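First residue of the sequence shown? That's 0 in numbering that gives the first Met the number 0, and the numbers climb one at a time after it.
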Amino acid sequence: MKIKDHFLSQEIFEIKETDTKGVYKTFPIPTNISKYYESEDYISHHQDSGSLKEKLYKFLQSFNLQYKKTILLDRISKNSKVLDYGCGAGEFVKYIENDFQTFGFEPDSDARKAAAKKLSKAVILDDINSIEDNSLDAITLWHVFEHIENQDEMLEIFNRKLKEKGLLIIAVPNPTSYDAKHYKEYWAAYDVPRHIYHFSKKGMENLIAKKPNWKLRKIKPLVLDSYYISMLSEKYQKSSLFWLKAIILGTISNVKALFSNEFSSLIYIIEKK
Numbered sequence: 000m001k002i003k004d005h006f007l008s009q010e011i012f013e014i015k016e017t018d019t020k021g022v023y024k025t026f027p028i029p030t031n032i033s034k035y036y037e038s039e040d041y042i043s044h045h046q047d048s049g050s051l052k053e054k055l056y057k058f059l060q061s062f063n064l065q066y067k068k069t070i071l072l073d074r075i076s077k078n079s080k081v082l083d084y085g086c087g088a089g090e091f092v093k094y095i096e097n098d099f100q101t102f103g104f105e106p107d108s109d110a111r112k113a114a115a116k117k118l119s120k121a122v123i124l125d126d127i128n129s130i131e132d133n134s135l136d137a138i139t140l141w142h143v144f145e146h147i148e149n150q151d152e153m154l155e156i157f158n159r160k161l162k163e164k165g166l167l168i169i170a171v172p173n174p175t176s177y178d179a180k181h182y183k184e185y186w187a188a189y190d191v192p193r194h195i196y197h198f199s200k201k202g203m204e205n206l207i208a209k210k211p212n213w214k215l216r217k218i219k220p221l222v223l224d225s226y227y228i229s230m231l232s233e234k235y236q237k238s239s240l241f242w243l244k245a246i247i248l249g250t251i252s253n254v255k256a257l258f259s260n261e262f263s264s265l266i267y268i269i270e271k272k
């Protein structure tokens, strides 16, 4: 499947299935991948321009932050040690820092500085190896795992940093959702080449099943993602009334997912064995 980078470069990339059925990879991966993040519209780093897109993002984000925190509180006790890997500008880290011993890791220096300015208790790291092995109760990756090329290596590091039965919580877009099938090559969550990997529900299940040190415990939806992704997809298609069409399409996608469990984005709650 050929996909255009609608967000920035307008270049064409190809998505191919990997050796793990249901997991796909973007080809080619640019050697200068960091340049594909260099835009003031990139929401992880710049959230203060006041555009309609960012206002909607912030509105949906407020609900998602509480939902994500609840997922943690339902499974680990307060004051547990939590690392948000790829924390961006630090919104989630800030939201949970009064409930947990919170750490954030962010490789981008500008985003890391922006995150550090917001925090009073949480610690922002530039090296995950500074965390003691077998010390964390949970590691979260909210729409980050799809950006990581060396996933096998990182899964081993995450396993080493977590305590026994510690949780790895991964949220990724789902290319077998209704909205993905509807928008096809315009589906915003392909986001090539920044999204290096793409995981169907079955694909993530297959990936974790191959790892002897992990056990998939539960899959939960990120219901609001369908609206934001649909809005961007409509804009890529240059649709009029894109916001209204996004609300309609996002709602249809969620209703269908109530029966198929193929939500626009899925959260995988994985336990260290």
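Ideal Cβ positions, reconstructed from N, Cα and C, are used throughout, including at glycine.
Values in this document were obtained by computation on a predicted structure and should not be read as measured data.
Item to complete: Taking the CB atoms as reference points, tell me whether L124 and I269 lie closer together than 8 angstroms.
Response: no
Practice prompt. Please state whether DSSP places G298 in a helix, a strand or coil.
Written response: The question about residue 298 has no answer, for the chain in this structure spans 0 to 272.
Worksheet item: How many Å lie between H45 and E39 at the Cα?
Response: Below a pLDDT of 50, predicted positions are generally treated as unreliable, and H45, at 47, falls in that range; the measurement from the model is reported next regardless. Approximately 6 angstroms, taken between the alpha carbons.
Item to complete: Taking only the alpha-carbon atoms, compute the straight-line gap between L82 and D151 and give it to the nearest angstrom.
Response: 19 angstroms
Worksheet item: At which residues does the alpha helix (DSSP H) containing A137 begin and terminate?
Response: Looking at the DSSP string, A137 is not in any alpha helix (DSSP H); the run it does join, the beta strand (DSSP E), is L135 to W141.
Item to complete: Look at the Cβ atom of G202, then the Cβ atom of K20, and state whether they are nearer than 8 angstroms.
Response: yes
Worksheet item: Looking at C-beta atoms only, is the number of pairs between the segment 190-200 and the segment 168-175 that lie closer than 8 angstroms three or more?
Response: yes
Item to complete: Could you pull out every unbroken alpha helix (DSSP H) segment of at least 4 residues lying fully inside the segment 118-176, listed in chain order?
Response: 150-160
Discussion item. Quick check: what's the CA-CA separation for V22 versus L206?
Written reply: 8 angstroms
Discussion item. Could you check whether P29 and Y36 sit closer than 8 angstroms to each other, using their CB atoms as the reference points?
Written reply: no
Fill in: N78 versus I246: straight-line alpha-carbon distance, rounded
38 angstroms
Fill in: Integer Cβ distance of F262 from S225, believed to fall under 8 angstroms
7 angstroms
Worksheet item: Since E90 is in the alpha helix (DSSP H), which residue starts that stretch and which ends it?
Response: E90 to I95
Worksheet item: If we count the other Cβ atoms within 10 Å of its Cβ and call it buried at 16 or more, is L223 buried or exposed?
Response: buried
Worksheet entry | Nearest residue (CA-CA) to F241, options S252, C86, Y227 and I251 | Y227
Practice prompt. Figure out for me which residue from H142, I218, K234 and P211 has the closest Cα to the Cα of G87.
Written response: H142
Practice prompt. Going by CA-CA distance only, name the one from V191, R159 and K93 that's closest to L135.
Written response: R159
Practice prompt. Examine the Cβ distances between the segment 89-97 and the segment 57-69 and report whether three or more of them are shorter than 8 angstroms.
Written response: yes
Worksheet item: Which term fits L243, buried or exposed, when burial requires 16 or more other beta carbons within 10 angstroms of its beta carbon?
Response: exposed
Worksheet item: For R216, does the three-state DSSP call read helix, strand or coil?
Response: strand
Worksheet item: Thinking C-beta only, is I2 closer than 8 angstroms to V191?
Response: yes
Discussion item. If you measure between the beta carbons of A256 and P220, is that distance less than 8 angstroms?
Written reply: yes
Worksheet item: Taking the alpha helix (DSSP H) that E184 falls in, what are its first and last residues?
Response: No alpha helix (DSSP H) holds E184; DSSP gives it neither H nor E.
Worksheet entry | Whether M0 touches E184 by CB criterion (8 angstroms) | yes
Worksheet entry | Closest Cα partner of D132 within the set K120, F157 and D126 | F157
Item to complete: Note down the Cα distance separating E10 from F26, rounded to an integer number of angstroms.
Response: 12 angstroms
Practice prompt. Could you have a look at I42 and say whether DSSP puts it in helix, strand or coil?
Written response: Confidence at I42 is low in this model, with a pLDDT of 49, below 50, so the placement of that residue is unreliable and no value is reported for it.
Discussion item. Measuring alpha carbon to alpha carbon, tell me which residue in T139, P106 and E13 is nearest L72.
Written reply: T139
Worksheet item: My guess is that S176 and S252 are in contact by the Cβ rule of under 8 angstroms, so how many angstroms apart are they, rounded?
Response: 6 angstroms
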